[in-house]
Each structure stands twice: as C-alpha cells, then as structure tokens.
Amino acid sequence: DNLADGKDPRAYKYRAKHTLTHSHSFTFHLDSQQQTYTNKPVGVYMGKRDFVDHVDFVDPVDGVVLIDPEQVKNKKDIFLCTRQVYPPLMDREKSVHTHAQEKILRKLGDNAYPFFFEFPDNLPCSVGLQPAPTDVGKHCAVEFEVKAFVAENQDEKSQKRSSVRLAIRKIQYASDKGAEPPCAETTCEFVMSEKPLHMRVRLDKETYYHGEQINVSVEIDNSSNRNVKDISVAVEQITNVVLYSNDKYVKSVAYEETMDTVPTGTILKKLYTLRPLLENNRERRGLALDGKLKHEDTNLASSSIVKDEVLKEVLGMLVAYRVVVKCQAAGEVTVEVPFKLMHPKPDPQDTTDLVFEEFKRSYLKGIIGDDDESPAEP
C-alpha cells in the first residue's frame, strides 16, 4: 500500500478557485438552507454544491451575491473571475437568471446580485486519495471552491478575516444509455497436453451503482491434463494519478478466495458475487474516493468518463474498475473484465420552495477552513 517512490501525495493539491473579490458577510445558501456569518458586507447564496459533468458539457455554476450597501462604501467592485458583479453592469431585470436565482433574488431583495460562470473545459472531477488513519495534514485531492473576499482590486491577496470559501464538487453520473454486458476470455495451452484450458468471465451489465452487488459468471472448460485450483475473484480499483507524475495505484476493494477446483476433463460454471464498499476498506491508504463535503460521508471513487480527445494529463486522477478472476493450473491463469462503478442520475432538484435557515458558526458544515494558504477541506 505504499504510494509511489517516496512521494507523499498529501503534499499535492489540485486547486481551482472562482473568486469573488469583496466579502465580509458570508451567507451561504446550501441545499435550500441559509448559513450565515454576521457583521460582514457580502453574502453568497447557492442553490446547490454539486455540478454535473455530462462529458459533452458541465453544469454552469450560478448563485447570488447579497450586498450590504452601508458596509461596502468606498470599496472596490466585486469580480467573479473577470466578470463584474457589483456594481452591476446590466439592469438586473434585463439579465437572464436561472430558476433558483429568480427565487433567491425575490427572497433577498434589491441588494442581491446574480453571478454565473462555467467550468473551464477538461477539468477533472472531485476526487481524493484516502490517507492512512495515522496520516495528518492535507491529502492528495482534486477540489474546487468558490471564494469571496474584501480587497481593493481582484489581484490583491485576500485576508482570512475578510474572506470565506465554499467547497463545491464536480461530479459525474451513470449514463442513461445501456451497453452490452462486458465479457472476457482466455485459452491456455500446456506442454504435454493435447487440449487447452478455456476460461470465460461475464458480468450481467456494464455499469453498477455504488453499494450494488456485482454478479460474476465464471465458466472454466478444463480439457487439459492439468487440474485447476485456487480460484479467486476480486474487484480492483485502478487510479492513474497525473497531478504530479504518472503513477498508477491498483487496489483490491472486494475479494473472494474459493475452495473450488476443476479437475481435468470437467467444466465449472458458477456465479460469484462481490460488493465493493468503502466501509470494508476504510484503513486502506491510497484508495481513490469521491470528493465529499464535511457533513457527508463519501464512497469509493466513481469511474472516470473522459472524451477521447481530452488530454489525460490535465485530469488530475483517472479512476477505473475491473473484475479479476485468477486460478492455478501449472501457472497462473487470469481474466480481467472492466466495468463502471457510479451513482445513478438523481431526480431533478425541486426549487419551488426554498427554505432559509440560519445556523450558528459552530454548526456550519462544508465551510472551508480559515487557513488562506490551504485548499478546501473535502
């Protein structure tokens, strides 16, 4: 479980920040709830924190900035990337708003201003490597944040007493399009054996959801003169880390070693079941996990879906899964079958009724720490 040649992956972070120059009040609208810092001149409201990568496009990030006019006197404008939010460059009533923005703007009144930006092309999804229980400090991860701060201009270094960062996630869901169940096979010939050994492994579908049982159909036709034994079935996670190198980590996340044998001249047909779960691998250093918010648990990282023309070097971490069936017959015989492990696409979010609830600072979840030099905690 060592992670690559003396490199400590916790020392590396992939950061992507979208910055609002100017903050002080930070009011966050998360999952239809309001989370508030008081005595600060700017609030940020967002209708959601998960933004879906559909491969062909990524959901845009939108929200609303709430201004306290009394506290922003003599301060510079607010910028989102290079787009000015306050003072507004366009009449608010003439600009195009998302449904959630319209609801929030009506709720907050005249001192609220919408913002909107898109993820740059080809950014990776939110993912990180699991540290060991004894590890401390930051871990290797791809993370995203929205940041707002008070400053004289957008290039000025922000101060932690006047800035707040909110973690968001870039995620992918399983495609609605079905695919043929994956299958792989191999044939082995042995010296002094007139006939070969043939092994075929088939899954019942290409994409499984997190927590779902994986059915592995194994057929071994042993026409050889060698007995087959030590049959094992495993699910492996393969993580290519291209943040700082081109390291590959292969971790077994579900495993069954059987007592089954296939004597010479016989056939074995059997269905094995495996269920890859994080709860069975919580102390495995270096496993790739989906990005998380502080008030949530997470799961094994979802499979990465990438367009063919995208440069892999810009994608941070690429995660894939495969079923591996092995047996012994005068040497090891192996068959590997790739598959996808993902979340199903959720139902559309209902923003008909937005509920705003205030929280004490000690109750806030998912708010990034005050250390201005460190990236967001997941």
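Going by full-length UniProt numbering, the sequence shown opens with residue 1, and the numbers climb by one from there. The beta carbon of each residue, even a glycine, is placed where N, CA and C say it ideally should be.
Beta strand (DSSP E) containing residue i: first to last residue?
i	result
A234	K229 to V241
Q328	M317 to Q328
A288	A288 to D290
M46	Premise fails: M46 is in no beta strand (DSSP E) and is neither H nor E.
R200	L197 to L203
residue 379	Nothing in the structure corresponds to residue 379, since the chain is present only between 1 and 378.
L268	T266 to L274
V55	That residue, V55, is in no beta strand (DSSP E); it is neither H nor E in DSSP.
M259	Premise fails: M259 is in no beta strand (DSSP E) and is neither H nor E.
C183	C183 to C188
V127	V127 to L129
T207	T207 to Y209
Suppose the cutoff is 7 Å on Cβ atoms and the five residues either side in sequence are ignored; what does the same chain contact list for residue i look like?
i	result
P182	L203, E206, V337, P338 and F339
L277	G211
P133	E283
P344	Y173, A174 and Y209
A184	V201, V335, E336 and V337
Tell me the residue span of the alpha helix (DSSP H) that contains residue i.
i	result
L105	H99 to L108
Which word fits residue i, buried or exposed, when buried means at least 16 other C-beta atoms lie within 10 angstroms of its C-beta?
i	result
E143	buried
Q213	exposed
D347	exposed
A179	exposed
T273	exposed
F28	The predicted position of F28 is uncertain, since its pLDDT is 29 and thus under 50; a value taken from the coordinates is nonetheless stated next. So F28 ends up on the buried side.
T187	exposed
F57	exposed
D308	exposed
G286	buried
L66	buried
K248	exposed
K138	buried
S23	Since pLDDT at S23 reaches only 29, below the 50 mark, its modelled position is unreliable, and the value read off the structure follows with that caveat. Per the 10 Å Cβ criterion, buried.
L197	buried
residue 389	The requested residue 389 is not part of the displayed model; the chain covers only 1 to 378.
V96	exposed
V325	buried
E189	exposed
V64	buried
D297	exposed
For residue i, which residues in the same chain have their Cβ closer than 6 Å to its Cβ, ignoring the five residues on either side in sequence?
i	result
I267	D221
N225	S193 and T264
N299	H210, L278 and D290
E118	P60
T98	D62
L341	Y208, S303 and Y321
A301	V127, A288, L289, D290 and V319
K229	T261 and Q328
T19	Below a pLDDT of 50, predicted positions are generally treated as unreliable, and T19, at 38, falls in that range; the measurement from the model is reported next regardless. K147.
K269	E219
N240	K248 and L318
S252	A234 and E236
I238	V250 and A320
Put residue i into one of helix, strand or coil per three-state DSSP.
i	result
L66	strand
L166	strand
L300	strand
L80	Confidence in L80 is poor, its pLDDT being 41 and thus under 50, which makes the residue's placement unreliable; the coordinate value appears in the next sentence. L80: strand per DSSP, three-state reduction.
L278	helix
M342	strand
I173	For the sequence presented, residue 173 should be read as Tyr rather than Ile. Y173 falls in the coil class under three-state DSSP.
F119	coil
A141	strand
T334	strand
V191	coil
P133	coil
D247	strand
A254	strand
A112	strand
K307	coil
V146	strand
Hey, is residue i's beta-carbon within less than 7 Å of any beta-carbon in chain D?
i	result
P348	Looking at the structure shown, chain D is missing, and only one protein chain is on hand.
Going along the chain, which residues of its own chain have a beta-carbon closer than 8 Å to the beta-carbon of residue i, five neighbours each way excluded?
i	result
A254	I214, A234, V235, L274, R275, P276, L277 and N280
F51	V58, D59, P60, V61, F119, I168, R169, K170 and I171
> Do the stretch 233-252 and the stretch 165-185 meet, that is, are 3 or more Cβ pairs less than 8 Å apart?
Replying inline: No contact exists between the stretch 233-252 and the stretch 165-185.
> With a cut-off of 8 Å, do at least 3 Cβ pairs link the stretch 250-260 to the stretch 104-119?
Replying inline: Between the stretch 250-260 and the stretch 104-119, the count of Cβ pairs shorter than 8 Å is below three; the stretches do not touch.
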